[in-house]
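Shown next, in structure tokens, is the structure this report addresses.
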Amino acid sequence: MVMRIGTWNVNSVRVREDRLLGLLERHAPDVLALQEIKVESHAFPREGVEALGYHVTAYGQKTYNGVALLSRTPAEDVIQGFDDGEEEDPQARLLAARFGDTHVISAYFPNGGELGSDKYAYKLAWMRRLRRWLDRHADASQAWALVGDYNVAPVEADVAMPERWRDTTLTSDEVRAALTEIQAFGLVDVLATPSRGRPVLVVGLPEAGLPQGRWSAHRSRLRDGAARGAIHRRLHRPGRAQGQAALGPRPRLPRPRMKRP
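Its first residue numbered 4, the sequence shown is counted upward by one per residue in the numbering used here.
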């Protein structure tokens, strides 16, 4: 059975609720992972989403960060945050749940600020902790999809102007090594790996109305070609290898007026 999984850094679910509903109606994913919902869990605008037949699982905080999973079926085995026995991360960046036989993780990686800063140290520690989280919680015999905003450019081809982002918190050797270590759990990049006709298990969705691809950015950043804020989709392949593909011909969405958060 094919499961359609999308991911979108919504950058305020309240501001972009109309676009979110339009995306759900147009693409009808089985699971949609959101990052930067920027509302507390209880304040997530559920009514319109639920009217479309989706269940809402949210892990948020006031003003900043926050992740969510919107799904056709109720979420099971929900894990909010790292839940690893260590001091809990005060920032709501990680949410996992099971839908049938597939586990989906919505992750919002820290940006990292500037190299050498406390925020950069936090980013590296967060990524290493995520790898330990996978070792602790993820069963290698099951299907796991890690989707979200990684705030990492694994290769220079991921940015429009590589020289502009070289030696930053998005491209440093340490950050790329930390991402490689996460992938070493057994994850594959479903955009970079050809499907070779195998069943589609996961697909990434861009922000509604913006170009489809690994990168998504606000229109103001697209103007100068400085795409950033990487949106990635990675998949654990248990047993038989699963493939990837796009949703097929993507209908051209009307360009709604960009609202400022």
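Every residue, glycine too, gets a C-beta built ideally from N, C-alpha and C. On a predicted model such as this, the values are computed, not experimentally measured, just so you know.
Could you give the distance in angstroms between the alpha-carbon of residue i and the alpha-carbon of residue j?
i      : j      : result
Glu117 : Gly103 : 41 Å
Ala36  : Leu182 : 19 Å
Asp92  : Glu53  : 29 Å
Tyr153 : Arg7   : 20 Å
Thr10  : Tyr111 : 11 Å
Val16  : Val42  : 8 Å
Phe85  : Leu26  : 29 Å
Ile82  : Glu166 : 39 Å
Phe188 : Arg131 : 12 Å
Arg19  : Val155 : 24 Å
Gly151 : Gly119 : 25 Å
Trp136 : Ser144 : 16 Å
Leu97  : Met164 : 29 Å
Asp33  : Ser74  : 6 Å
Ala78  : Leu173 : 32 Å
Leu127 : Gln94  : 15 Å
Arg243 : Arg139 : For Arg243, the predicted structure reports a pLDDT of 30, less than 50, and the residue's modelled location is therefore unreliable. The matter cannot be settled from this model.
Tyr123 : Gly69  : 19 Å
Gly115 : His106 : 27 Å
Glu159 : Glu184 : 19 Å
Leu133 : Ile40  : 20 Å
Ala180 : Trp129 : 13 Å
Trp168 : Ser175 : 9 Å
Once you ignore the five residues that flank residue i on each side, which residues in its own chain have a CB closer than 7 Å to its CB?
i      : result
Tyr125 : Pro113
Arg49  : Val59
Leu149 : Ile108, Ala110, Leu190 and Arg237
Ser44  : Ala61, Tyr62 and Gly63
Here's the rule: buried if 16 or more other CB atoms are within 10 angstroms of the residue's CB, otherwise exposed. What is residue i?
i      : result
Lys65  : exposed
Tyr67  : exposed
Glu28  : exposed
Ala157 : It should be pointed out that residue 157 corresponds to Pro in this sequence rather than to Ala. Flag for Pro157 reads buried.
Arg22  : buried
Asp121 : exposed
Ala141 : buried
Gly56  : exposed
Gln38  : buried
Thr76  : exposed
Val13  : buried
Glu99  : Just to set this straight, residue 99 is Ala in the shown sequence, not Glu. Buried, by the Cβ-count rule.
Gly88  : exposed
Ala146 : buried
Just checking my contact of residue i with residue j at CB under 8 Å: how many whole Å lie between their CB atoms?
i     : j     : result
Ala31 : Phe47 : Ala31 to Phe47, Cβ: 20 Å. No contact.
Going along the chain, which residues of its own chain have a beta-carbon closer than 6 Å to the beta-carbon of residue i, five neighbours each way excluded?
i     : result
Asp80 : Arg101
Gly51 : Leu24
Tell me which residue opens and which closes the alpha helix (DSSP H) that residue i is part of.
i      : result
Val52  : Glu50 to Ala54
Asp138 : Asp121 to His140
Arg169 : Per DSSP, Arg169 belongs to no alpha helix (DSSP H) and is neither H nor E.
His45  : That residue, His45, is in no alpha helix (DSSP H); it is neither H nor E in DSSP.
Thr10  : Segment Ile8 to Asn12 is the beta strand (DSSP E) holding Thr10; no alpha helix (DSSP H) there.
Glu2   : This structure gives no information on residue 2, because the portion of the chain shown stretches from 4 to 264.
Give a single yes or no on whether residue i has its beta carbon closer than 7 Å to a heavy atom of the ligand MG.
i     : result
His45 : Of the ligands one can find in the structure shown there are none, so the ligand MG has no counterpart to examine.
Over the uninterrupted beta strand (DSSP E) stretch that includes residue i, give me the two end residues.
i      : result
Thr60  : His58 to Tyr62
Asp192 : Leu190 to Asp192
Gly151 : Ala146 to Asp152
Leu27  : Unbroken run through Leu27 is the alpha helix (DSSP H), Glu20 to His30; no beta strand (DSSP E).
Leu72  : Val70 to Ser74
Ser109 : Thr105 to Tyr111
Gln94  : Here Gln94 belongs to no beta strand (DSSP E), and DSSP marks it neither H nor E.
Leu35  : Val34 to Gln38
Asp80  : Glu79 to Gln83
Please tell me whether residue i has its Cβ less than 8 Å away from any Cβ of chain D.
i    : result
Arg7 : The structure shown contains no chain D, having only a single protein chain.
Which same chain residues, not among the five before or five after residue i, have their C-beta less than 8 Å away from its C-beta?
i      : result
Asp170 : Leu118
Glu177 : Leu127
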